[in-house]
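Engineer:
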Ligand code: NAD
Ligand code: ZN
Ligand code: ZN
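Residue numbers (full-length UniProt numbering): 1 to 362.
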């Protein structure tokens, strides 16, 4: 058993509490990882607000981390102590019908099919003050050590800087892949991205690398626009500067609407606005933002009848165990610069300050 620090969420709506926790050794088929760095994604905040489906508290959040294998359980062959790894918040078991389908990156072991609050044997490896603490998406990267199933671990290049490539555990691949894998943005096209946080900026980078001619960044926080321009946005629009709905503004700016729109916020109203912003025939709208549990959208079906496509993405469509190591290699070859997404670096003791910065749009 390892004793280490972790940021524990004891109850919905309460700040995280940095505690000493016990982390049990990995059982058969599991891997114990020393987490070196983790990002904060808005999905962690949805969890703290109680908006994330099927999660029990107390829980250790965090799902965008990188670390080093400390020990492995019986039967683990794909990684060994000392390997650099990224724990995967979307696993790839390699055996389910979706894993076997080359068109899909879903896995039936993911949280949406089976809650990942406990490890597959329905027990937790974390305790604190005599209480069992739950896992989050199995990865719980807000702990200095965590235990995950082998099929939720990607071994990465030994040269990778863990404090940078931790972003390849969620935010960057999600946005980048939403553009190149899910939407399949074509050269010369026009794109609109609703929400220019870490994930939205990664969509901008994906649209740019795919050769989009016009990339419109939409956000109510104008402080986001300088970075969006630096990464490839050609136009920046604040919906609060207009009286008319943003979908009308974008349609007027582009003639008939954009070719590709992306919702990267997680609100039902911006999802509908993003759908209505892409053109009525060949337009593709990709939903990236995570809606609050129980959200319902009502739309005019005519929006789809004329040919628009509405789709969603999990982690940008990448088959995670296969693709994350390749993305890390592309990072090392400087094919993209995800370092530009890093705004602040804090020690674990200041994790709540990190969430304050996120909520303040910093
Ligand atoms: P973030 O909070 O950093 O960014 C959200 C941005 O949206 C902010 O810049 C904010 O100012 C802007 N915004 C809020 N309301 C708006 C409005 N009405 N109109 C325009 N802009 C508005 O969040 P993030 O970490 O970039 O995550 C974005 C979303 O993506 C979250 O919902 C997160 O849960 C989700 N997500 C989904 C996946 C997936 O696999 N689909 C993976 C990671 C994150
Ligand atoms: Zn995330
Ligand atoms: Zn699977």
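All residues carry an ideal CB built from backbone N, CA and C; glycine is no exception. As the structure is a computational prediction, the values presented were derived from the model and not from experiment.
#1: Specify the secondary structure class of residue 269 as computed by DSSP and reduced to three states.
#2: For a quick check, are the C-beta atoms of residue 88 and residue 152 less than 7 Å apart?
#3: Given a cut-off of 7 Å, decide if residue 324 and residue 112 are closer than it, judged by their beta-carbon atoms.
#4: Does the distance from the C-beta atom of residue 285 to that of residue 261 stay below 7 Å?
#5: In the structure shown, what three-state DSSP assignment does residue 321 receive?
#6: State whether the segment 146–161 contacts the segment 170–186, with contact taken as three or more CB pairs (one from each stretch) at a distance under 8 Å.
#7: What does the shell around ligand 2 hold, if a residue joins when its beta-carbon is under 5 Å from any heavy atom?
#8: Relative to the alpha-carbon of residue 363, which residue among 292, 165 and 282 has its alpha-carbon at the smallest distance?
#9: Just the C-alpha distance for residue 144 and residue 247, rounded to the nearest angstrom, thanks.
#10: Would you mind giving the Cβ-Cβ distance between residue 315 and residue 105, rounded to the nearest angstrom? I have them listed as a contact below 8 Å.
#11: Give the secondary structure of residue 225 by DSSP, where H, G and I count as helix, E and B as strand, and everything else as coil.
#12: Going by other Cβ atoms of all chains shown within 10 Å of its Cβ, with 16 needed for buried, is residue 338 buried or exposed?
#13: Cβ of residue 238 versus every heavy atom of ligand 1: is any distance shorter than 6 Å?
#14: Just verifying my parser: in three-state terms, what is the DSSP assignment at residue 260?
#15: Does DSSP put residue 70 in a helix, in a strand, or in coil?
#16: Please find out if some non-hydrogen atom of ligand 1 comes closer than 6 Å to the beta-carbon of residue 266.
#17: Quick one: grab the DSSP three-state call for residue 145.
#18: Are at least three pairs of beta-carbons, each pair with one atom in the segment 157–172 and one in the segment 285–303, less than 8 Å apart?
#19: Are residue 74 and residue 28 touching if we call contact CB-CB under 7 Å?
#20: Per DSSP, what kind of secondary structure is residue 172 in: helix, strand or coil?
#21: Where residue 134 and residue 54 are concerned, what is the direct C-alpha to C-alpha distance, given to the nearest angstrom?
#22: Spatial neighbours of residue 352 within its chain, please: C-beta separation below 7 Å, excluding the five flanking residues on both sides.
#23: Relative to the alpha-carbon of residue 211, which residue among 191, 224, 332 and 20 has its alpha-carbon at the smallest distance?
#24: State the Cα-Cα distance for the pair residue 101 and residue 109, rounded to the nearest angstrom.
#25: How would you label residue 346, buried or exposed, when you count the other beta carbons within 10 angstroms and need 16 or more for buried?
#26: Kindly indicate which residue of 2, 173 and 68 has the alpha-carbon position closest to the one of residue 322.
Structural biologist: With the given structure in hand:
#1: helix
#2: yes
#3: no
#4: yes
#5: helix
#6: no
#7: 41, 43 and 170
#8: A query on residue 363 cannot be resolved here, the shown segment of the chain reaching from 1 to 362 and no further.
#9: 44 Å
#10: 7 Å
#11: helix
#12: buried
#13: no
#14: strand
#15: strand
#16: yes
#17: strand
#18: no
#19: yes
#20: helix
#21: 12 Å
#22: 15 and 16
#23: 191
#24: 15 Å
#25: exposed
#26: 173
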